[in-house]
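Please read the structure below before turning to the comments.
Number of protein chains: 2
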Amino acid sequence: MKFEAVTIKDIARELGLSTSTVSRALRDSYEISAETKKTVLECAKKLNYRPNPIALSLKEKRSRSIAVLVCEIANSFFSQVINGIESIAYNKGYNVIISQSHESFQREVNDLQFLASRSIDGLIISVSSETENMEHLKKLFYKGLPIVFFDRVSEEMDTHLVMVDNFNSAYKATSHLIENGYKTIACLTNSAHLSITKERIAGYKKAIEDSGVQVNEDLIKYCNHGGVHADETEKAMNELINLEKRPDAIIGLSDKLTTGALRFLQKQGITIPKEMGLIGFSNGEFTEFLNPSLSIIRQPAFEMGQSAIELLLEVIESKRPIKEFTRKVLETELIVRNSTLRNH
Amino acid sequence: MKFEAVTIKDIARELGLSTSTVSRALRDSYEISAETKKTVLECAKKLNYRPNPIALSLKEKRSRSIAVLVCEIANSFFSQVINGIESIAYNKGYNVIISQSHESFQREVNDLQFLASRSIDGLIISVSSETENMEHLKKLFYKGLPIVFFDRVSEEMDTHLVMVDNFNSAYKATSHLIENGYKTIACLTNSAHLSITKERIAGYKKAIEDSGVQVNEDLIKYCNHGGVHADETEKAMNELINLEKRPDAIIGLSDKLTTGALRFLQKQGITIPKEMGLIGFSNGEFTEFLNPSLSIIRQPAFEMGQSAIELLLEVIESKRPIKEFTRKVLETELIVRNSTLRNH
DNA sequence: TTATTTTACGCAATCGTTCCCGAGAACGAG
DNA sequence: CTCGTTCTCGGGAACGATTGCGTAAAATAA
Numbered sequence: 001m002k003f004e005a006v007t008i009k010d011i012a013r014e015l016g017l018s019t020s021t022v023s024r025a026l027r028d029s030y031e032i033s034a035e036t037k038k039t040v041l042e043c044a045k046k047l048n049y050r051p052n053p054i055a056l057s058l059k060e061k062r063s064r065s066i067a068v069l070v071c072e073i074a075n076s077f078f079s080q081v082i083n084g085i086e087s088i089a090y091n092k093g094y095n096v097i098i099s100q101s102h103e104s105f106q107r108e109v110n111d112l113q114f115l116a117s118r119s120i121d122g123l124i125i126s127v128s129s130e131t132e133n134m135e136h137l138k139k140l141f142y143k144g145l146p147i148v149f150f151d152r153v154s155e156e157m158d159t160h161l162v163m164v165d166n167f168n169s170a171y172k173a174t175s176h177l178i179e180n181g182y183k184t185i186a187c188l189t190n191s192a193h194l195s196i197t198k199e200r201i202a203g204y205k206k207a208i209e210d211s212g213v214q215v216n217e218d219l220i221k222y223c224n225h226g227g228v229h230a231d232e233t234e235k236a237m238n239e240l241i242n243l244e245k246r247p248d249a250i251i252g253l254s255d256k257l258t259t260g261a262l263r264f265l266q267k268q269g270i271t272i273p274k275e276m277g278l279i280g281f282s283n284g285e286f287t288e289f290l291n292p293s294l295s296i297i298r299q300p301a302f303e304m305g306q307s308a309i310e311l312l313l314e315v316i317e318s319k320r321p322i323k324e325f326t327r328k329v330l331e332t333e334l335i336v337r338n339s340t341l342r343n344h
Numbered sequence: 345m346k347f348e349a350v351t352i353k354d355i356a357r358e359l360g361l362s363t364s365t366v367s368r369a370l371r372d373s374y375e376i377s378a379e380t381k382k383t384v385l386e387c388a389k390k391l392n393y394r395p396n397p398i399a400l401s402l403k404e405k406r407s408r409s410i411a412v413l414v415c416e417i418a419n420s421f422f423s424q425v426i427n428g429i430e431s432i433a434y435n436k437g438y439n440v441i442i443s444q445s446h447e448s449f450q451r452e453v454n455d456l457q458f459l460a461s462r463s464i465d466g467l468i469i470s471v472s473s474e475t476e477n478m479e480h481l482k483k484l485f486y487k488g489l490p491i492v493f494f495d496r497v498s499e500e501m502d503t504h505l506v507m508v509d510n511f512n513s514a515y516k517a518t519s520h521l522i523e524n525g526y527k528t529i530a531c532l533t534n535s536a537h538l539s540i541t542k543e544r545i546a547g548y549k550k551a552i553e554d555s556g557v558q559v560n561e562d563l564i565k566y567c568n569h570g571g572v573h574a575d576e577t578e579k580a581m582n583e584l585i586n587l588e589k590r591p592d593a594i595i596g597l598s599d600k601l602t603t604g605a606l607r608f609l610q611k612q613g614i615t616i617p618k619e620m621g622l623i624g625f626s627n628g629e630f631t632e633f634l635n636p637s638l639s640i641i642r643q644p645a646f647e648m649g650q651s652a653i654e655l656l657l658e659v660i661e662s663k664r665p666i667k668e669f670t671r672k673v674l675e676t677e678l679i680v681r682n683s684t685l686r687n688h
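Listed in order, the protein sequences are those of chains A and B.
Just so you know, we're using our numbering here: the first sequence kicks off at 1 and counts up by one.
Just so you know, we're using our numbering here: the second sequence kicks off at 345 and counts up by one.
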């Protein structure tokens, strides 16, 4: 059952040296003779010696592992982000530890406490849709845990942020609907307090206003659990289609909501894009092949993951405390397809 | 930068006790007076003491973290499996460390060496499509690392396996095509040496034979990288449609291949299900809404992950070496939709 | 009162590694 | 021949926690 690992002591015993000498020889210290180094290195190779990372962690007070906390792994956007994170972490010799909040604040707090007690060197997080209070994160942050936020960020701490231009993305998508003749544009969104919600809603509203129409708050439906439960989206959609003035287009402000809306419309037999236009944020792989093909706002998820881990490692590996924090804003891509082209 | 953690020494100093007393008090040892226990517990709470898991790992020679090695995270099947793994690992106090092979044997070997040197307690793996030789895994296994295989398994080691009934799944899917009038059924599959390939191909062939037709090997296209590169699938598909006797149905024996085939057919303007029927293994979220809706074989990915971690933890936490290994075979679900219904 | 047991705690080793010191040997300079 | 360097290497503490063993004081028994 035990992984009988070769230690530095084994080498020392084998060669009749002290552990300090072996340790130094392996680290190529100047105070060890070339000859001794050679024999130690050979012996280490022979015995297939691997330094024990746990012992190192104990000494160096770093574990070379970073935690990623997202609401859900099985979501294209997040798994693509994790992919980006892992791609760089791996090359730098870091482990990536994954945790999911399932959009629950309590779970997020628990996860975090657990992760923190596991001595991680840093954290990359997109908060849950229930998370309004940031005390749990602040506590860790001010204790010295490097944190990088992405997607759903908090500006309450002075740290790196990675996100997309949410305002502009929503603005573009809404404008696109308007340009294509849609008049009453409803909006399915996440909890009101999330950064992405605020920014995206602002973009949506601005586009409506810029078209000379007044914003109707009834057309904005907040799904406080981001659509993890299908009934949440269904309820919101039901309210929308039963409005005295039924909207003729929907914009989904996050992945799950967009596809939730699609699912609902299909079930109800409401034709897209004729009776209802549909566009939304999505990083799903097959939006192109959906029926109808879905117009989307695609986020550069992989790049977001890469940026996040790069910024995090910069903090972790910097000798002196970092004072300048970057707020990285990436561009999204508006991909127009059939679900918003009523006149074709 | 440092996470100034409270140690047992701080408590000892604060209370004028020895570290052993504090340690024992925290572990509720019988040889500590109730009074001392109380003060220690209070002090620990006051200082917000958390045991250092690294120090514990060093003593106990276990890290309470398990590694998961898959070819790709950003793949619905695998992210669902990881979801299942994480759901149970979390409750048992284990960390999940993720790594990706990207279908590369070399990368798999590297990942594994890296993970092993990070003192993991166990490994859950689905090998890369390039992996034929299992020596790298055997080496770790015989050194005492508990391993559970899932999906793409190897029977060369005496350990737990988690998979689906691949033979039967392919048989059912192929039979379904036959029943729906398809005569020339081609097959897009992964590397020939993978367990899933062998079993699924066997099921496919058996179904063909049972229908009284002779198997034509030209109709079986092996994609040695599982379709991670789009051109691989395209090449295979091109060969298939240029066959003197063009097939009238395709069965994709893995997620990426199924959707790759769909993508190809759409691009070529070959209508589904009329000119070409299409069915395949897929755990994608939106196969239902594809155009046309896709008939699929769905694997119980979440449950597979749960089974895998349960079996792994059983091995890890067992006192005595386990001799009996289970070979868990789960059932798949055949979901018939429009892509295989020519006559509707 | 004395002997014996129980209670309640401290000392020190241990896990694998690093690193500060100290120290012997060799060597050249004077 | 002696002194100061330089080159090599070993001893031992430290990281944070657990644990076997030893022991003083208190409690009990004789």
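Each residue gets a CB set at the ideal place from its N, CA and C atoms; glycine is no exception.
On a predicted model such as this, the values are computed, not experimentally measured, just so you know.
Proximity test, Cβ basis, 8 angstroms: residue i and chain B
i: N52/A; result: yes
i: F286/A; result: yes
i: F281/A; result: no
i: Q299/A; result: no
i: N291/A; result: yes
i: A353/A; result: Since the first and last residues shown for chain A are 1 and 344, residue 353/A lies out of range.
i: N95/A; result: yes
Three-state secondary structure (DSSP) of residue i
i: T577/B; result: helix
i: G649/B; result: helix
i: S409/B; result: strand
i: Q268/A; result: helix
i: K527/B; result: coil
Selected residue, minimal CA-CA separation from residue i, among the options
i: G621/B; options: E629/B, N627/B, G628/B, T602/B; result: T602/B
i: K221/A; options: T189/A, G305/A, S195/A; result: T189/A
i: R13/A; options: S29/A, L47/A, E31/A; result: L47/A
i: D218/A; options: R246/A, P146/A, A44/A, G203/A; result: R246/A
i: I653/B; options: G488/B, G628/B, V440/B, I641/B; result: V440/B
i: Y526/B; options: E588/B, D592/B, C567/B; result: D592/B
i: E588/B; options: G488/B, S463/B, N560/B; result: N560/B
i: K267/A; options: Q214/A, A230/A, I147/A; result: A230/A
i: E430/B; options: I85/A, D111/A, V81/A, M134/A; result: D111/A
i: T36/A; options: V22/A, E199/A, H136/A; result: V22/A
i: I352/B; options: I595/B, A388/B, R544/B; result: A388/B
i: S463/B; options: D354/B, K403/B, G649/B; result: K403/B
i: G466/B; options: Y486/B, R451/B, Q450/B; result: Y486/B
Backbone CA spacing between residue i and residue j [nearest angstrom]
i: I510/B; j: L385/B; result: Note on identity: in this sequence residue 510/B is Asn, with Ile being the wrong assignment. Distance between the alpha carbons of N510/B and L385/B is about 55 angstroms.
i: S18/A; j: K38/A; result: 15 angstroms
i: P665/B; j: N338/A; result: 59 angstroms
i: L521/B; j: I529/B; result: 8 angstroms
i: G227/A; j: S65/A; result: 31 angstroms
i: A74/A; j: S420/B; result: 6 angstroms
i: D502/B; j: K483/B; result: 13 angstroms
i: S692/B; j: N435/B; result: Past the edges of chain B, shown from 345 to 688, lies residue 692/B, and the structure says nothing about it.
i: F54/A; j: P395/B; result: Here residue 54/A turns out to be Ile, not Phe, going by the sequence shown. Cα-Cα distance, rounded: 15 angstroms.
i: S211/A; j: S175/A; result: 8 angstroms
i: K579/B; j: A25/A; result: 53 angstroms
i: L334/A; j: S651/B; result: 41 angstroms
i: K2/A; j: D151/A; result: Only weak support is given to the placement of K2/A: the predicted model assigns it a pLDDT of 48, under 50, and the question is left unresolved by the model.
Residue i at chain A interface by Cβ criterion, 8 angstroms
i: N427/B; result: yes
i: A388/B; result: no
i: S448/B; result: no
i: M345/B; result: Interpretation of M345/B is limited by its pLDDT of 39, a score under 50 that renders its predicted location unreliable; the figure taken from the coordinates is listed afterwards. Yes - at least one Cβ of chain A is within 8 angstroms of the one on M345/B.
i: T603/B; result: yes
i: I679/B; result: no
i: Q650/B; result: no
i: S473/B; result: no
i: E430/B; result: yes
i: R716/B; result: This structure cannot speak to residue 716/B, because chain B is shown only from 345 to 688.
Residue i CB to nearest heavy atom of the ligand ZN below 7 angstroms
i: G428/B; result: Because no ligand of any kind appears in the structure shown, any question about the ligand ZN cannot be addressed here.
Practice item. Indicate whether the contact test is met: 3 or more Cβ pairs, each with one atom in the stretch 467-486 of chain B and one in the stretch 398-418 of chain B, closer than 8 angstroms. Key: The answer is yes - the stretch 398-418 of chain B touches the stretch 467-486 of chain B, with three or more Cβ pairs under 8 angstroms.
Practice item. Evaluate contact between the stretch 654-661 of chain B and the stretch 442-452 of chain B, counting only Cβ atoms and requiring at least three cross-stretch pairs below 8 angstroms. Key: Counting Cβ pairs under 8 angstroms, fewer than three are found: no touch.
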